[in-house]
Every structure is written in C-alpha cells, then in structure tokens.
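Residue numbers (UniProt numbering): 1 to 577.
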C-alpha cells in the first residue's frame with residue numbers, strides 16, 4: 001500500500017511520537033485489493049459513525065468534531081483522518097513537536113495532502129501604562145497666535161548729532177614774526193579757520209597770510225594782530241565717523257565732512273550691546289585713521305541702557321568728540337506731500353551779444369544803493385578755489401576740501417561808485433543774473449569763510465545759522481554799527497550806502513553772499529556773461545565747456561567780455577569776438 005511506505009511517524013495515545021519501521025512492498029495485486037477494501041470500509045465507517053457530544057471538560061466547537069482515528073490494517077499504525085474528511089482544528093495553539101526524521105517517499109506515492117495553516121491566536125491585550133501620557137493639546141484656531149513667541153529684541157540705542165573739534169590742526173601761527181607790522185586784518189585758511197594777522201610792513205598793502213585768503217587791512221595799531229604771521233597748511237581731507245562694536249563696524253556717517261572740525265548731523269542705531277564700543281574718525285578717500293577712542297564707562301552704560309544723555313571723549317590725537325545717545329524713536333507717520341515749489345522766475349529771451357553788452361553797461365551806469373539787485377548795479381563773481389575746478393559755475397564737490405562752503409558764493413556789486421573786486425582786475429569770472437537770491441551783504445570784505453559761518457546741514461536754517469553771514473540778532477541794525485556784522489537781503493541798500501559813507505571802504509570791494517542753490521536752479525540763464533582778466537585763455541576754455549554742457553551755440557551762449565574798471569568810464573564791458 002503506497003501510503004504505508006510514506007507514513008512512518010504516528011502519534012501515540014500518550015501524545016508522543018513512535019517510529020514504526022517500514023515493511024517490504026507487497027504484491028501489486030494485493031495492493032489494489034487492499035486499497036479497494038480500505039475505501040469500502042472507510043465509506044461504511046463514515047455512514048455508521050455517530051456524532052459524539054461535546055465533553056464538559058474539553059469544550060469543542062459544534063462545527064469542529066474530533067477527528068476519528070484510522071487503524072492501519074497491516075502494521076497497526078495510527079494516523080489522522082485524511083485532510084479532506086476532517087473539520088478544521090479548534091483555535092488552540094498546537095504544541096511544537098520535537099524534531100523527527102522523515103523517510104523519503106516512494107516514487108509512486110501520491111503527493112501528500114496540504115496541511116491547513118496553524119490557527120492564529122488572538123493578540124494579547126496590552127496592559128495599561130503606569131504613567132499615562134497627557135492628551136495632545138488641541139490645535140489652536142486659525143486666527144490664534146502661535147504658542148511660541150520669540151523673545152523681544154533689545155531696544156536699539158542711537159548716536160546722533162556727532163561732532164569732533166580740533167582734528168588735524170595744520171596751520172602755523174608765529175607771534176612777533178620778523179617783517180610783520182602793527183597794522184593788520186583777517187586771514188582765512190583753506191580749512192576755514194580765521195586769524196588776525198599783521199601787514200608785511202608795506203603800508204597795509206598785503207597781510208602776513210601765506211596760503212590763505214587775506215581780508216581788508218586796517219591801518220590801526222592793535223595788539224590782536226601786531227607781529228603775527230600765519231602759514232596755512234594744506235587743505236584737509238573730508239572725514240567720516242566710524243562706530244565699532246568689539247572691533248566690528250556697526251555703522252558710519254553717510255556724509256563726509258571737513259576733517260578739521262567735522263560735524264555730522266546724523267543718526268546711527270544698533271541693537272547690539274558690545275563689550276567694547278569705540279569710535280574712529282577716518283579719511284573718506286583712503287580710510288586713513290585720523291583719530292579714535294573707545295567709549296567711557298558712562299557712555300557704555302548709557303548705550304547699553306539706551307539712556308538719553310550727552311557725552312564727550314578725547315581722541316588719541318588730542319581732539320574731542322561729542323556724541324548724543326538716545327533710544328530709537330518709533331517710525332513717524334508718513335509725511336503729508338509737500339506743496340510744489342514756486343516756479344523760477346522766467347528770464348527774458350536771449351538777446352544778441354551786442355544787446356547783452358549794452359544792457360550790462362546800462363545797468364552799471366544806473367547802479368546805486370538799492371534793495372533790488374538789478375537796480376543796484378552789476379553782480380560779478382571772480383574765479384577762486386571755492387567751486388568745481390573743472391566747471392566753476394557749479395558748487396564745490398562734496399569730496400573736496402571746500403565742501404563746507406558749497407552753499408554760498410562771495411560776489412560783489414559794481415557801479416560807478418563801487419569799482420573794486422576782491423582780486424582786482426587780474427582774475428576773470430562771470431556776470432550773475434539779478435534774479436538769483438542772496439543770503440546777506442557786507443559793505444566791505446565780510447570774511448564769509450569764517451568757521452562760525454559754516455552751517456550743518458548746508459543752507460542753514462535762516463535764523464541760527466545763515467551761510468557766510470551772522471545769525472539773526474547780530475545784524476548790523478541790531479548791534480548798532482556797520483562792522484563785524486552783516487546786512488540781511490532786505491537791507492541791501494543800507495549795506496551799499498555804508499560802503500559809500502566811508503572813504504576807506506570806497507577803495508575796497510563790497511561782499512554780497514549769494515545763495516548758490518538759486519544759481520544752480522536757473523542755469524544756464526543765471527550766467528549772463530564771462531569776463532576775462534589776465535588769464536583770457538582759461539576763461540575761454542571755461543566758456544566753451546559751459547556751452548558744451550548746456551548744448552548752446554556760440555551765438556546763444558553767454559558772450560565773452562572784457563571788464564575794465566580802472567578807466568573811470570561808465571561802460572566797462574566790451575565784447576571780445
């Protein structure tokens with residue numbers, strides 16, 4: 001019987017596994033007869049076998065009766081009912097059988113029946129945790145603020161209205177100098193510093209002012225200028241203030257100021273609280289260190305607390321730096337739109353060159369003290385170093401030494417009673433239209449380059465600082481005399497009358513301080529002509545560049561003029577072809 005050869009392991013009643021050695025194969029005819037007998041017996045047994053009731057000690061599922069055992073007719077081996085006749089096993093985890101040896105099947109044996117998969121035991125329920133975790137927080141509504149808010153930043157500290165004094169003093173003053181007399185006047189150096197100096201023993205013809213601009217010499221003995229000579233140093237570069245935090249740059253001023261006495265009306269703010277707060281004044285062109293110092297304990301504490309306070313510290317070159325500490329102000333609301341500026345007065349259409357010459361000579365001949373520029377005479381300006389070197393009709397560049405004077409020009413009014421200019425007849429210049437505005441007037445040289453007449457920012461406020469002029473409260477009418485004071489524009493006539501009243505002033509030039517912004521706004525019409533002195537070639541070059549910049553032809557551009565004030569005539573202007 002084929003199945004007898006394959007089945008060698010049977011389950012004993014005690015639950016153990018026994019091994020029955022195989023018998024030799026029987027005769028084929030006997031095998032077939034035996035197989036038929038087994039099938040017949042199995043059918044009869046299946047029909048006659050009663051269903052056993054469930055045992056009270058071993059409950060079984062009604063749909064899963066115990067599998068009947070079949071006795072092998074030959075060797076007595078016990079085996080399970082065939083798989084296709086058995087019901088599924090109850091859901092009990094089977095015992096793991098010991099490892100046993102299996103005999104190889106016979107070649108003619110039929111394939112073994114597929115065993116059902118073992119029943120899956122239900123997973124045990126997990127024990128509850130000893131320390132249950134808290135329920136997750138409910139998600140905030142969309143409009144709620146996030147739960148994590150970053151800590152607020154420290155309030156920013158600010159430095160503003162910063163100024164330094166005494167930087168790079170390079171002017172040399174000599175007292176009781178040889179060859180210097182007891183008469184004298186004022187000397188202004190390129191850095192804006194003014195000194196009282198004596199004359200050079202030449203009856204007040206020249207002052208002991210080397211490298212600077214000498215004012216009017218007064219034939220009076222004064223100890224203030226007696227025997228004093230000044231040698232002006234080279235122009236100082238523009239400088240910026242650098243603020244450093246632990247060696248790293250926090251910020252620097254946007255504007256570059258003259259390095260001798262710079263004043264930066266700016267604000268630098270930072271949220272940092274450095275261990276070491278330092279300041280440096282550096283040359284704007286090459287960032288060369290001019291002076292520096294680190295903050296004092298009081299300044300550092302004020303910076304850390306953003307406390308409103310003012311401080312002064314001494315730089316390593318001996319100069320002083322003044323700073324103002326404050327907290328950052330909240331942003332101001334947007335400013336309302338400013339109204340448009342009034343239109344610039346329209347100038348008359350261009351005349352021919354001959355007509356312009358005739359007009360200037362007529363203005364000169366009729367000139368007299370007046371508050372109206374056109375009625376007062378002809379307004380002229382000579383070339384100097386307080387303008388753009390390549391384009392002298394423009395103000396001094398911001399990077400040049402004269403940037404502090406870029407808001408004003410020194411000019412003079414000429415008429416038959418006032419024939420003097422600052423440089424005499426050797427220097428050329430140009431004629432300004434009477435439509436420009438003025439800041440003030442002096443009956444003589446008013447030293448408009450005085451350091452006390454420099455405004456920050458440029459242009460001044462018209463009250464406390466007026467470029468090139470004395471502030472309100474120090475006008476000549478307010479102080480009661482006509483020297484060491486200035487006349488406002490509304491008193492131009494009084495200034496020109498004061499010049500004519502004094503015989504010594506008739507031999508000097510008056511000084512009219514012009515608002516340079518009004519000249520720029522009216523270009524090219526604000527320039528009515530170019531006049532030559534001893535340097536005709538230079539004036540020709542300037543005129544050609546002027547016409548090139550504004551696209552003017554030779555016929556439309558300002559004429560080239562010769563100005564002669566020494567002849568005593570009433571027509572000092574002549575046309576140069």
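The beta carbon of each residue, even a glycine, is placed where N, CA and C say it ideally should be.
What are the partner residues of residue i, as DSSP defines its beta bridges?
i, result
"residue 442", "511"
"residue 184", "198, 218"
"residue 162", "264"
"residue 382", "429"
"residue 415", "418"
"residue 410", "513"
"residue 314", "320"
"residue 568", "Paired residue(s): none; residue 568 is not in a bridge."
"residue 157", "270, 327"
"residue 395", "387"
"residue 230", "173, 209"
"residue 435", "Answer by DSSP bridge pairing: none, since residue 435 is not bridged."
Under 7 Å Cβ to Cβ from residue i, same chain only, skipping five residues before and after it: list those, please.
i, result
"residue 254", "266"
"residue 474", "485"
"residue 132", "Confidence is the limiting factor: at residue 132 the pLDDT is only 49, short of 50, which leaves the residue's position unreliable and the question unanswerable from this model."
"residue 568", "none"
"residue 402", "385, 386, 396"
"residue 272", "245, 250"
"residue 552", "524"
"residue 220", "183"
"residue 575", "353, 354, 357, 559, 561"
"residue 56", "A caution first: residue 56 carries a pLDDT of 45, below 50, which makes its placement in the model unreliable, though a value can still be read off. Excluding positions up to five away in sequence, the list is empty."
Considering Cα atoms alone, identify which of the options is closest to residue i.
i, options, result
"residue 459", "514, 384, 312", "514"
"residue 440", "473, 294, 511", "511"
"residue 391", "426, 430, 222", "430"
"residue 442", "477, 31, 326, 436", "477"
"residue 314", "327, 308, 278, 305", "278"
"residue 270", "283, 288, 251, 377", "251"
"residue 465", "379, 542, 227, 407", "407"
"residue 171", "156, 217, 202, 230", "230"
"residue 176", "198, 189, 156", "198"
"residue 383", "445, 365, 410", "410"
"residue 164", "247, 205, 256, 186", "256"
"residue 240", "506, 404, 287, 507", "287"
"residue 638", "377, 572, 489", "As displayed, the chain neither begins before 1 nor continues past 577, which places residue 638 out of reach and without an answer."
"residue 295", "537, 352, 310", "310"
What residue range is occupied by the uninterrupted beta strand (DSSP E) comprising residue i?
i, result
"residue 283", "277-283"
"residue 252", "248-252"
"residue 542", "Run containing residue 542: none in the beta strand (DSSP E); it sits in the alpha helix (DSSP H), 536-550."
"residue 173", "172-174"
"residue 531", "527-532"
"residue 463", "First-last for residue 463: undefined, no H or E at that position."
"residue 472", "Careful: residue 472 lies outside any beta strand (DSSP E) and carries neither H nor E."
"residue 242", "238-245"
If residue i sits next to residue j, beta carbons under 8 Å apart, how far is it from one beta carbon to the other, in whole angstroms?
i, j, result
"residue 323", "residue 162", "5 Å"
"residue 447", "residue 224", "That pair is no contact at about 14 Å."
"residue 425", "residue 565", "6 Å"
"residue 216", "residue 445", "5 Å"
"residue 182", "residue 245", "Going by Cβ atoms, the distance from residue 182 to residue 245 rounds to 56 Å, so no, they are not a contact pair."
"residue 539", "residue 532", "4 Å"
"residue 420", "residue 508", "6 Å"
Could you give the first and the last residue of the continuous alpha helix (DSSP H) run that contains residue i?
i, result
"residue 506", "503-506"
"residue 256", "Note, residue 256: premise wrong, no alpha helix (DSSP H); not H, not E."
"residue 482", "Element bounds for residue 482: n/a, residue is neither H nor E."
"residue 366", "353-366"
"residue 374", "373-376"
"residue 304", "297-305"
Who are the near neighbours of residue i in its chain, counting only those whose CB is closer than 6 Å to its CB and skipping five residues on each side?
i, result
"residue 557", "547"
"residue 299", "311"
"residue 365", "570"
"residue 585", "Not covered by the structure: residue 585. The range shown for the chain is 1 to 577."
"residue 493", "369, 370, 371"
For residue i, which residues from the same chain have a beta carbon less than 8 Å from its beta carbon, with the 5 sequence-adjacent residues on both sides left out?
i, result
"residue 528", "356, 360, 430, 431, 432, 433, 558"
"residue 196", "184, 185, 186, 187, 222, 224, 225, 228"
"residue 479", "485"
So is residue i in contact with chain B if we call contact Cβ pairs under 8 Å?
i, result
"residue 222", "This model lacks chain B altogether, as it is built from one protein chain only."
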